[in-house]
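Chains as they are written, first to last, in the numbering used here: chain A, 1 to 329; chain B, 330 to 666. Glycine residues also receive a C-beta, built at the ideal position from the N, C-alpha and C atoms. No experiment lies behind these values; they were computed from the predicted model shown.
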Amino acid sequence: MSTGEQVKTSYREAMRAAIREAMQRDDRVFLMGEDVGRYGGCFAVSLGLLEEFGPERIRDTPLSESAFVGAGIGAAMAGMRPIVEIMTVNFSLLALDQILNNAATLLHMSGGQCNVPLVIRMTTGAGRQVAAQHSHSLEGWYTHVPGIKVLAPATLEDARGMLWPALQDPDPVLIFEHGSLYNMQGVLAADAGPADIRSAKIRRAGGDVSLITYGGTLLKTLSAAEQLRADGIDAEVIDLRSLRPLDDATIMASVARTHRAVIIDEGWRSGSLAAEVSARITEQAFYELDAPVARVCSAEVPMPYPRHLEEAALPQPERIVAAAREVVG
Amino acid sequence: MSRVTGEAAPEAAADAPGAGHRRELLRQMLLIRRFEEKCVELYSAAEIRGFVHLYIGEEAVAVGVNQALTADDSIVSTYREHGHALVRGIPLDAVMAEMYGKTTGCSRGRGGSMHLFDVRRRFYGGNAIVGGGLPLAIGVALADRMRGEERVTACFFGDGAVAEGEFHECMNLAALWDLPVLFCCENNLYAMGTAVERAQAQTDLALRAGSYGMPAWPVDGMDVTAVEHAARRAAEAVRAGGGPHFLELRTYRFRAHSMYDPELYRDKAEVEQWRHRDPIEMFTRSMREAGELDDTELAAMEDALARQLEASVAAARAAPAEPVEDLTTFVYSPESS
Chain A
1 MSTGEQVKTS YREAMRAAIR EAMQRDDRVF LMGEDVGRYG GCFAVSLGLL EEFGPERIRD
61 TPLSESAFVG AGIGAAMAGM RPIVEIMTVN FSLLALDQIL NNAATLLHMS GGQCNVPLVI
121 RMTTGAGRQV AAQHSHSLEG WYTHVPGIKV LAPATLEDAR GMLWPALQDP DPVLIFEHGS
181 LYNMQGVLAA DAGPADIRSA KIRRAGGDVS LITYGGTLLK TLSAAEQLRA DGIDAEVIDL
241 RSLRPLDDAT IMASVARTHR AVIIDEGWRS GSLAAEVSAR ITEQAFYELD APVARVCSAE
301 VPMPYPRHLE EAALPQPERI VAAAREVVG
Chain B
330 MSRVTGEAAP EAAADAPGAG HRRELLRQML LIRRFEEKCV ELYSAAEIRG FVHLYIGEEA
390 VAVGVNQALT ADDSIVSTYR EHGHALVRGI PLDAVMAEMY GKTTGCSRGR GGSMHLFDVR
450 RRFYGGNAIV GGGLPLAIGV ALADRMRGEE RVTACFFGDG AVAEGEFHEC MNLAALWDLP
510 VLFCCENNLY AMGTAVERAQ AQTDLALRAG SYGMPAWPVD GMDVTAVEHA ARRAAEAVRA
570 GGGPHFLELR TYRFRAHSMY DPELYRDKAE VEQWRHRDPI EMFTRSMREA GELDDTELAA
630 MEDALARQLE ASVAAARAAP AEPVEDLTTF VYSPESS
């Protein structure tokens with residue numbers, strides 16, 4: 001039962017509170033990754049946790065992504081509940097062998113014997129002028145892979161609430177935290193707890209067009225929806241939250257109401273998660289559509305350093321507004 | 330214990346196992362050999378398919394190392410793992426059924442030759458990405474360390490893995506965290522078709538492991554007694570909290586990399602030379618010379634194995650295949666999907 005008390009917090013603090021709670025509730029849980037301990041986490045998510053839980057459970061690793069992600073898989077297989085932090089999704093490519101060939105595969109390849117109850121957290125996305133090796137949104141790639149689940153918390157509630165159910169899941173779960181969200185401030189119920197990790201959520205109800213997004217582009221999409229209201233267009237905004245599996249039912253129900261869809265995804269357009277969502281709408285709700293499905297994605301370029309070029313490469317509210325106007329006609 | 334790197338380990342004091350023990354070592358080596366010879370036959374008859382990487386010639390390694398492990402220890406292996414699986418005690422019938430892809434297989438037929446699993450026996454595969462099993466072994470050992478378990482994790486891999494980045498990441502991590510891992514490098518001199526000297530700037534693999542600050546030494550991998558002694562010594566040290574140890578087990582694969590290849594990468598004379606050091610023949614000879622084995626006993630052993638193998642083939646043939654409707658089970662756990 002909620003007490004109704006609200007506390008001021010940030011996405012970063014909400015994530016930290018989630019880790020702390022998990023560590024307190026289950027002694028099989030530990031956090032492992034580069035600079036998670038003494039440094040406090042490269043985005044300061046785990047600041048203070050080393051002092052609270054000690055170096056065995058807040059475990060600094062060498063720069064060996066494949067080894068420590070694989071060690072997380074092995075420890076999970078052997079009964080622990082590791083949280084592995086990878087600094088950015090670009091670095092996760094150094095561990096892709098372990099994530100794909102082991103974490104996603106072991107259960108099936110062993111005929112159902114080898115569960116991997118592992119959570120891997122990593123930062124994704126652009127917007128901080130850190131150029132082409134620290135800025136990409138590759139979560140869509142991971143959604144290609146059966147055997148793993150992919151989450152994208154975009155709100156304080158989800159930053160606070162997704163970790164615990166992810167740890168309860170018997171299968172590997174990847175959590176993508178958009179780098180621009182860590183400083184997001186807001187209020188959260190003092191007793192906020194676990195969130196559902198299976199369904200998409202309607203963040204803004206509307207009847208004219210479905211704007212479907214997740215993670216770092218949610219706020220931009222909500223801002224676009226406000227601009228559209230001034231034009232008399234009432235947009236519905238869907239936060240996918242779970243990128244694999246996708247909550248088709250929520251998406252299709254929305255499209256059935258609005259008859260128009262725009263998908264906003266910070267990944268590159270070709271072969272993107274947006275492409276998958278678009279294909280599903282075409283397959284499942286084609287006859288509901290009054291206009292072709294539109295997509296607003298990142299420009300197909302490695303992320304450039306200068307601010308104006310980075311901004312031009314990324315989905316922005318103006319482009320979302322333009323795309324929505326186009327499909328509304 | 331002293332740190333020995335890059336040189337032959339001093340003779341370990343044998344715990345003087347008797348003739349009965351030696352007969353069991355021989356039986357296990359023969360089990361692997363005869364199982365794989367049967368696999369060749371079945372593969373040629375197109376009853377089993379896929380990649381089948383034969384261990385023939387390397388049997389002394391799996392059998393010798395296994396003597397140093399208890400049922401509570403863990404094993405992480407490679408795609409050339411029939412021998413490790415069989416000596417671990419995964420029932421012959423379950424291994425054979427896995428070759429057939431049947432539901433009675435040790436991985437319910439989903440894995441095949443390269444992915445034998447038996448989590449109940451702490452046998453964690455069957456990993457077919459070279460070097461990919463090492464991080465898993467690190468993780469299993471880390472879990473044991475964090476829970477205060479006194480288990481050893483034996484991690485098998487080949488000389489090819491030593492060229493992988495994961496190998497070096499894992500050597501470092503195991504030594505840094507003092508993890509209870511027994512690294513068993515099966516150096517059969519070839520990474521598929523690439524000879525060690527064509528792939529490794531430093532071909533003394535124990536020396537390289539030793540550079541991470543862990544005890545490491547080479548062992549004659551064709552001599553089951555030498556392997557057993559070295560493995561016991563290393564495993565006891567690991568179990569006593571001595572951190573990771575590394576054995577470079579120098580051995581040789583008599584057959585092709587996977588079932589058939591033209592073997593353009595090595596001389597027939599070289600293979601013949603190594604065949605003179607066949608671990609089973611050498612061990613049989615020494616037992617005969619010591620009066621520990623006669624023709625009747627050997628024939629009885631072979632006969633029993635042949636009957637077990639025939640029975641396992643019959644059982645595998647008769648076993649049910651997974652229904653196609655169950656294609657996507659085990660992608661996610663039932664409770665999560």
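Locate the alpha helix (DSSP H) running through residue i, then write down its first and last residues.
| i | result |
| --- | --- |
| residue 350 of chain B | 348-373 |
| residue 417 of chain B | 411-417 |
| residue 38 of chain A | From DSSP, residue 38 of chain A is part of no alpha helix (DSSP H); its letter is neither H nor E. |
| residue 295 of chain B | It is not possible to answer for residue 295 of chain B, since the shown part of chain B is limited to 330 through 666. |
| residue 494 of chain B | 494-505 |
| residue 64 of chain A | That residue, residue 64 of chain A, is in no alpha helix (DSSP H); it is neither H nor E in DSSP. |
| residue 278 of chain A | 273-285 |
| residue 316 of chain A | Where residue 316 of chain A is concerned, there is no enclosing alpha helix (DSSP H), given that its DSSP letter is neither H nor E. |
| residue 168 of chain A | 163-168 |
| residue 229 of chain A | 218-230 |
| residue 192 of chain A | Neither: residue 192 of chain A is in no alpha helix (DSSP H) and is coded neither H nor E. |
| residue 389 of chain B | 388-395 |
| residue 332 of chain A | Nothing about residue 332 of chain A can be read from this structure; chain A reaches only from 1 to 329. |
The beta strand (DSSP E) with residue i in it runs from where to where?
| i | result |
| --- | --- |
| residue 545 of chain B | 545-549 |
| residue 296 of chain A | 294-298 |
| residue 201 of chain A | 201-204 |
| residue 262 of chain A | 261-268 |
| residue 177 of chain A | 173-178 |
| residue 487 of chain B | 482-487 |
| residue 189 of chain A | 185-189 |
| residue 516 of chain B | 510-516 |
| residue 85 of chain A | 81-88 |
| residue 28 of chain A | Premise fails: residue 28 of chain A is in no beta strand (DSSP E) and is neither H nor E. |
| residue 151 of chain A | 149-151 |
| residue 257 of chain A | Residue 257 of chain A -> not in any beta strand (DSSP E); alpha helix (DSSP H) instead, spanning 248-258. |
| residue 236 of chain A | 235-239 |
My assumption, with CB atoms under 8 angstroms, is that residue i sits in contact with residue j. Please give the rounded CB distance.
| i | j | result |
| --- | --- | --- |
| residue 67 of chain A | residue 495 of chain B | 6 angstroms |
| residue 291 of chain A | residue 327 of chain A | 4 angstroms |
| residue 293 of chain A | residue 319 of chain A | Actually they are not in contact, since the Cβ atoms of residue 293 of chain A and residue 319 of chain A sit about 16 angstroms apart, beyond 8 angstroms. |
| residue 177 of chain A | residue 194 of chain A | Actually they do not touch by this definition, with Cβ atoms about 17 angstroms apart. |
| residue 384 of chain B | residue 361 of chain B | 6 angstroms |
| residue 594 of chain B | residue 522 of chain B | 4 angstroms |
| residue 386 of chain B | residue 580 of chain B | 7 angstroms |
| residue 201 of chain A | residue 239 of chain A | 5 angstroms |
| residue 485 of chain B | residue 406 of chain B | 5 angstroms |
| residue 186 of chain A | residue 156 of chain A | 5 angstroms |
| residue 79 of chain A | residue 16 of chain A | The pair is not a contact, with the Cβ atoms about 25 angstroms apart (cut-off 8 angstroms). |
I want to check one thing, is the minimum distance from the CB of residue i to the heavy atoms of the ligand COA below 7 angstroms?
| i | result |
| --- | --- |
| residue 562 of chain B | Among the components of this structure there are no ligands whatsoever, and the ligand COA is therefore not found. |
Next item on the list: Counting only runs of 3+ residues fully inside the region 557-597 of chain B, write out the beta strand (DSSP E) ranges in chain order.
Entry: Secondary structure in the region 557-597 of chain B: the beta strand (DSSP E) runs of 3 residues or longer, each lying completely within the stretch, are 574-579 in chain order.
Note to self: So if I threshold CB-CB distances at 8 angstroms, which residues from the region 85-108 of chain A count as touching chain B?
What the structure shows: Residues of the region 85-108 of chain A whose Cβ lies closer than 8 angstroms to any Cβ of chain B, in chain order: 97, 98, 101, 102, 106, 107 and 108.
Notebook entry, point to check: Taking one C-beta from the region 202-209 of chain A and one from the region 297-313 of chain A each time, how about it: are there three or more such pairs within less than 8 angstroms?
Noted result: With fewer than three CB-CB distances shorter than 8 angstroms, the region 202-209 of chain A does not count as touching the region 297-313 of chain A.
Note to self: What ranges does the alpha helix (DSSP H) occupy inside the region 405-476 of chain B, keeping only unbroken runs of at least 4 residues that lie completely in it?
What the structure shows: With a minimum length of 4 residues, the unbroken runs of alpha helix (DSSP H) contained wholly in the region 405-476 of chain B fall at 411-417, 421-428 and 462-476.
Item checked: Residues in the region 125-157 of chain A having any Cβ partner in chain B nearer than 7 angstroms -> Identification of residues in the region 125-157 of chain A having a C-beta nearer than 7 angstroms to some C-beta of chain B yields 146 and 147, given in sequence order.
Notebook entry, point to check: Quick check: the region 471-478 of chain B against the region 409-425 of chain B, are there 3 or more CB pairs under 8 angstroms?
Noted result: Too few Cβ pairs lie closer than 8 angstroms, so no.
Next item on the list: Please list the segments of the alpha helix (DSSP H) lying wholly inside the region 602-639 of chain B, counting only runs of 4 or more residues, in order along the chain.
Entry: If you keep only unbroken alpha helix (DSSP H) runs of at least 4 residues inside the region 602-639 of chain B, you get 608-618.
Note to self: Contact between the region 261-269 of chain A and the region 134-143 of chain A is defined here as three or more beta-carbon pairs at a separation below 8 angstroms; is this criterion met?
What the structure shows: These segments touch.
Item checked: Contact list for the region 280-292 of chain A against chain B, Cβ threshold 9 angstroms -> Along the region 280-292 of chain A, there is no position whose C-beta sits under 9 angstroms from a C-beta of chain B.
Item checked: Segment contact flag, the region 119-127 of chain A with the region 83-91 of chain A, C-beta cutoff 8 angstroms, min 3 pairs -> By the Cβ rule, the region 119-127 of chain A counts as touching the region 83-91 of chain A, because three or more pairs are nearer than 8 angstroms.
Margin query: Which residues of the region 484-505 of chain B have a Cβ closer than 8 angstroms to any Cβ of chain A? Give them in chain order.
Written below: Cβ contacts with chain A: 494, 495, 498, 499, 501, 502 and 505.
Notebook entry, point to check: Three or more C-beta pairs closer than 8 angstroms, one from the region 34-48 of chain A and one from the region 427-441 of chain B: is that the case here?
Noted result: No, because fewer than three Cβ pairs between the region 34-48 of chain A and the region 427-441 of chain B fall closer than 8 angstroms, the two stretches do not touch.
Next item on the list: Report the residues of the region 452-475 of chain B with a CB closer than 9 angstroms to any CB of chain A, ordered along the chain.
Entry: Taken in chain order, the members of the region 452-475 of chain B whose beta-carbon sits within less than 9 angstroms of a beta-carbon on chain A are 453, 454, 455, 456, 457, 458, 460, 461, 462, 463, 464, 465, 466, 467, 468, 469, 470, 471, 472, 473, 474 and 475.
Note to self: Which residues of the region 385-411 of chain B have a Cβ closer than 8 angstroms to any Cβ of chain A? Give them in chain order.
What the structure shows: Listed in sequence order: 403 and 405.
Next item on the list: Would you list, in chain order, the members of the region 66-86 of chain A that have their beta-carbon closer than 9 angstroms to a beta-carbon of chain B?
Entry: Taking 9 angstroms as the Cβ-Cβ cut-off against chain B, the residues of the region 66-86 of chain A that qualify are 66, 67, 68, 69, 70, 71, 72, 73, 74, 75, 76, 77, 78, 79, 80 and 82.
Notebook entry, point to check: Which residues, taken in chain order from the region 566-580 of chain B, show a beta carbon closer than 7 angstroms to some beta carbon of chain A?
Noted result: Listed by position along the chain: nothing, the set is empty.
Next item on the list: Anything in the region 111-124 of chain A with a Cβ closer than 7 angstroms to a Cβ of chain B? List those residues in chain order, please.
Entry: Cβ contacts with chain B come from 111, 112, 113, 114 and 115.
Check: If we count Cβ pairs, one from each stretch, closer than 8 angstroms, do we get three or more for the region 602-612 of chain B versus the region 538-556 of chain B?
Finding: As far as the Cβ criterion goes, the region 602-612 of chain B touches the region 538-556 of chain B, which means the pair count is three or higher.
Check: At a cut of 8 angstroms, does the region 56-74 of chain A reach the region 27-41 of chain A through at least three beta carbon pairs?
Finding: Three or more Cβ pairs drawn from the region 56-74 of chain A and the region 27-41 of chain A lie within less than 8 angstroms of each other, which places the two stretches in contact.
Check: Given 8 angstroms as the limit, is there contact between the region 277-285 of chain A and the region 242-260 of chain A, that is, 3 or more CB pairs closer than that?
Finding: Touching, per the Cβ criterion.
Notebook entry, point to check: Does the pairing of the region 573-587 of chain B with the region 535-548 of chain B give three or more beta-carbon distances under 8 angstroms?
Noted result: They touch, by the three-pair rule.
Note to self: Taking 8 angstroms as the cut-off, does the region 417-433 of chain B touch the region 445-463 of chain B (at least 3 CB pairs, one atom from each stretch)?
What the structure shows: Flag = yes, the region 445-463 of chain B and the region 417-433 of chain B touch.
Item checked: Positions along the region 202-231 of chain A whose CB lies within less than 8 angstroms of some CB in chain B -> Taking 8 angstroms as the Cβ-Cβ cut-off against chain B, none of the residues of the region 202-231 of chain A qualify.
Next item on the list: Please name the residues in the region 159-171 of chain A whose beta-carbon is closer than 8 angstroms to at least one beta-carbon of chain B, in chain order.
Entry: When CB distances to chain B are screened at a threshold of 8 angstroms, the residues of the region 159-171 of chain A falling below it are 169, 170 and 171, in chain order.
Checklist line | Contact between the region 159-168 of chain A and the region 1-15 of chain A (3+ Cβ pairs under 8 angstroms) | finding: The region 159-168 of chain A is in contact with the region 1-15 of chain A.
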